[in-house]
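Working notes, structure below.
Protein chains in written order, with the numbering used here: chain A, -1 to 223; chain B, -1 to 223.
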């Protein structure tokens, strides 16, 4: 019998690669996406394309993070464009959504408990977004500890809940190389924070710039956005 | 200037008492309730009554935990009735909602981060529901550690995020005595897991039985349900 895993799936390059890695490790994947008041519902279409044929089940949870505001991704604050790589690395970007990964992982944990799945995958990356506190390895470690005390099924010696972050210390170029080796079709993914209404990447937000840099370093053309 | 606190408010006896305690400690309270697919939207009416005049702001987050199932409170599984106090204390009840407090606290944390509030109140109680893993003191402690690493504003030496659980080691009778001393109107609260459509407590679920026992031990009549 396959091992079950819950995986957070945004439809971007990172989560698509994380899905391929989870599958290559023999997991049967239950993918979870969120409609969280983000500007781009297009992200969910990308998530559905990435999930297609690769997961056991794909659920979309509705959570309205606009209720609290505080981020360019959930309010009317403009997404920054054409920043330098140095600027991207400095401080906490306005695209940070307060407690987002904490909330996302908590929903994944709820589903994992119902499924009796001990493995949760999240495509966080500490290098490109060192500014996001909830992408740091120390956050993931303490979240995992918490998860084992939070639930009725985890915390045993053999049955510890694990949060897998296979991308956490990879560069974007390394992530792309790994994904290509595993056969990921990056043409169906969408990483852009601020796509056009017809689903094209803007090419100028931090996420687009980092993605472009990753493909360039591999001397590859990006088939998606 | 008052200290700001985010408080999880269900409209039951415990959260109403927790609110009175937070106010007595000088906090300006931002109350957060959830429409989470629970059977009783009546709970939210009670939360609004309890909040009235006692909080700076009251928000209701919509989250559909029916998406995952696994509990009598979010699915069609029957709520157990007229169990003995021994049975109530044994094992994990079917009214347990997987990862619920983890999810609730994560939303409270998101709001706290936007408000720059360092204090979160939750009316969990380890005595009456020792069967709920996410009501244990060790869970709260590790959640607090996680919260300080999860966010962009917490984790400093002077500005540590704290999860306050003033009821955690009190009996129901002690909670009621404390609330009465602070002037809580228990007539507007609703604790029942399975109220009638017009908002009357069933009198037979675990929550009703524990509440009745608490008032009885104080030789008091329960003005609510």
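For each residue, glycine too, the CB sits at the ideal point set by N, CA and C.
Since residue 119(B) meets chain A, which of its residues come closer than 8 angstroms, beta carbon to beta carbon? Looking up residue 119(B) in the second chain gives position 121. Those do not exist, as residue 119(B) stays about 17 angstroms from chain A at its closest Cβ, beyond 8 angstroms.
Taking DSSP's pairing of strands, which residues face residue 27(B) in a bridge? Start at 1 with the first residue of the second chain, and residue 27(B) comes out as number 29. For residue 27(B), which the question treats as bridged, DSSP gives the partners 3(B).
Which chain A residues are close to residue 104(B), counting only those with a beta carbon under 7 angstroms from its beta carbon? By 1-based counting over the second chain, the position of residue 104(B) is 106. Result: 97, 100, 101, 104.
In terms of residue numbering, what span does the beta strand (DSSP E) encompassing residue 134(A) cover? Here residue 134(A) refers to the residue found at position 136 of the first chain. That residue, residue 134(A), is in no beta strand (DSSP E); it is neither H nor E in DSSP.
In three-state DSSP terms, what is residue 175(B)? Locating residue 175(B) in the second chain gives position 177, where the first residue counts as 1. Three-state DSSP puts residue 175(B) in a helix.
Proximal residues of chain A, C-beta to C-beta of residue 32(B) below 7 angstroms: Looking up residue 32(B) in the second chain gives position 34. Here the premise fails: no neighbours, minimum Cβ distance about 10 angstroms.
Are the stretch 28 to 36 of chain A and the stretch 46 to 64 of chain A touching, with three or more C-beta to C-beta distances below 8 angstroms? yes
Where residue 214(A) falls: helix, strand or coil (DSSP): Translated into positions along the first chain, residue 214(A) becomes position 216. Helix.
Return the Cβ separation of residue 202(B) and residue 41(B) in integer angstroms, given the expectation that the two are a contact with Cβ distance under 8 angstroms. Residue 202(B) sits at position 204 when you count from the first residue of the second chain. Residue 41(B) sits at position 43 when you count from the first residue of the second chain. At roughly 17 angstroms, the Cβ-Cβ gap does not stay under 8 angstroms, so residue 202(B) and residue 41(B) are not in contact.
How about the stretch 128 to 144 of chain B and the stretch 136 to 152 of chain A: do they share at least three Cβ pairs that are nearer than 8 angstroms? yes
For residue 134(B), go through chain A and note every residue whose CB falls closer than 8 angstroms to its CB, in chain order. Sequence index remark: in the second chain, residue 134(B) carries index 136 (1-based). Residues of chain A passing the Cβ test: 147.
Using a Cβ-Cβ distance cut-off of 8 angstroms, determine whether residue 131(B) contacts chain A. Locating residue 131(B) in the second chain gives position 133, counting from the first residue. With 8 angstroms as the cut-off, residue 131(B) counts as an interface residue toward chain A.
Residue 177(B) vs residue 72(B) beta-carbon contact at 8 angstroms: Here residue 177(B) refers to the residue found at position 179 when the second chain is read from its first residue. Here residue 72(B) refers to the residue found at position 74 when the second chain is read from its first residue. No, these two residues do not count as a Cβ contact at 8 angstroms.
DSSP bridge partner residues for residue 55(B) (one or two, in chain order): Along the second chain, one-based indexing puts residue 55(B) at 57. Answer by DSSP bridge pairing, in chain order: 28(B).
May I have a chain-ordered list of the alpha helix (DSSP H) segments no shorter than 4 residues that lie completely inside the stretch 89 to 120 of chain A? 98 to 113
If we cut at 8 angstroms on Cβ distances, does residue 19(B) have a partner in chain A? By 1-based counting over the second chain, the position of residue 19(B) is 21. False, the Cβ-Cβ gap to chain A never drops below 8 angstroms.
What residues match up with residue 61(B) in a beta bridge as DSSP calls it? As a working note, residue 61(B) is residue 63 in the second chain. For residue 61(B), which the question treats as bridged, DSSP gives the partners 61(A).
Closest to residue 3(A) by CA distance: which of 84(A), 163(A), 117(A) is it? Reading the first chain from its first residue, position 5 is the one you call residue 3(A). When each option's Cα is compared against that of residue 3(A), the closest is 117(A).
Are any of the Cβ atoms in chain A nearer than 8 angstroms to that of residue 57(B)? The residue given as residue 57(B) occupies position 59 in the second chain. Judged by the 8 angstroms Cβ criterion, residue 57(B) is in contact with chain A.
Using the beta-carbon count (16 or more within 10 Å), is residue 93(A) buried or exposed? Within the first chain, the letter at position 95 stands for residue 93(A). Result: buried.
Quick one: give me the first and last residue of the alpha helix (DSSP H) that residue 160(A) is part of. Position 162 of the first chain, counted from the start, is the residue given in the question as residue 160(A). Where residue 160(A) is concerned, there is no enclosing alpha helix (DSSP H), although the beta strand (DSSP E) it sits in stretches over 160 to 162.
Residues that residue 79(B) bridges to, as DSSP identifies them: Indexing the second chain from 1 puts residue 79(B) at position 81. In the DSSP output, where bridge partners are listed per residue, residue 79(B) has 203(B).
If you draw a straight line from the C-alpha of residue 61(A) to the C-alpha of residue 217(B), how long is it? In the first chain, the residue the question calls residue 61(A) occupies position 63. In the second chain, the residue the question calls residue 217(B) occupies position 219. So the two alpha carbons sit approximately 43 angstroms from each other.
Rounded to the nearest angstrom, what separates residue 149(A) and residue 66(B) at their Cα positions? In the first chain, the residue the question calls residue 149(A) occupies position 151. In the second chain, the residue the question calls residue 66(B) occupies position 68. Each residue's alpha carbon lies about 14 angstroms from the other.
Have a look at 0(A), 114(A), 13(A), 45(A) and flag the residue whose alpha-carbon is nearest the alpha-carbon of residue 159(A). Numbered from its first residue, the first chain carries residue 159(A) at position 161. Among 0(A), 114(A), 13(A), 45(A), the Cα nearest to that of residue 159(A) is on 114(A).
Residues of chain B with a CB under 9 angstroms from the CB of residue 111(A): which are they? As a first step, residue 111(A) is located in the first chain; it is residue number 113 there, counting from the start. The contacting residues are 66, 68, 96, 97.
Could you check how far apart the C-beta atoms of residue 125(A) and residue 169(A) are, in whole angstroms? I think they sit under 8 angstroms. Locating residue 125(A) in the first chain gives position 127, counting from the first residue. Locating residue 169(A) in the first chain gives position 171, counting from the first residue. Contact holds; Cβ gap of about 6 angstroms.
Less than 8 angstroms between the C-beta atoms of residue 208(B) and residue 75(B), yes or no? The residue you call residue 208(B) lines up with position 210 of the second chain. The residue you call residue 75(B) lines up with position 77 of the second chain. No, Cβ-Cβ distance for residue 208(B) and residue 75(B) is not below 8 angstroms.
Beta bridge counterpart(s) of residue 33(B) as assigned by DSSP: Taking the second chain and counting its residues from 1, the one referred to as residue 33(B) is at position 35. According to DSSP, which records beta bridges pairwise, residue 33(B) is partnered with 60(B).
For residue 63(B), return the contacting residues in chain A, with the cut-off set at a CB-CB distance below 8 angstroms. Taking the second chain and counting its residues from 1, one reaches residue 63(B) at position 65. In chain order: 108.
What span of residues does the alpha helix (DSSP H) with residue 19(A) cover, start to end? On the first chain, residue 19(A) is found 21 positions in, with the first residue counted as 1. Residue 19(A) -> alpha helix (DSSP H) spans 11 to 22.
Check whether chain A comes within 8 angstroms of residue 45(B), counting only Cβ atoms and requiring the distance to be less than that. For this step, residue 45(B) is matched to residue 47 along the second chain. Not one chain A Cβ lies under 8 angstroms of residue 45(B).
Less than 8 angstroms between the beta carbons of residue 63(B) and residue 35(B), yes or no? Position 65 of the second chain holds residue 63(B). Position 37 of the second chain holds residue 35(B). Yes, the Cβ-Cβ distance between residue 63(B) and residue 35(B) is below 8 angstroms.
Below 8 angstroms on the Cβ atoms is my contact criterion, and I expect residue 297(A) with residue 123(A) to pass it. Report the Cβ-Cβ distance as a whole number of Å. A query on residue 297(A) cannot be resolved here, the shown segment of chain A reaching from -1 to 223 and no further.
If we ignore side chains and look at the alpha-carbon of each, how far apart do residue 132(B) and residue 21(B) end up? Here the question's residue 132(B) lines up with position 134 in the second chain. Here the question's residue 21(B) lines up with position 23 in the second chain. When rounded, the distance between both Cα atoms is 25 angstroms.
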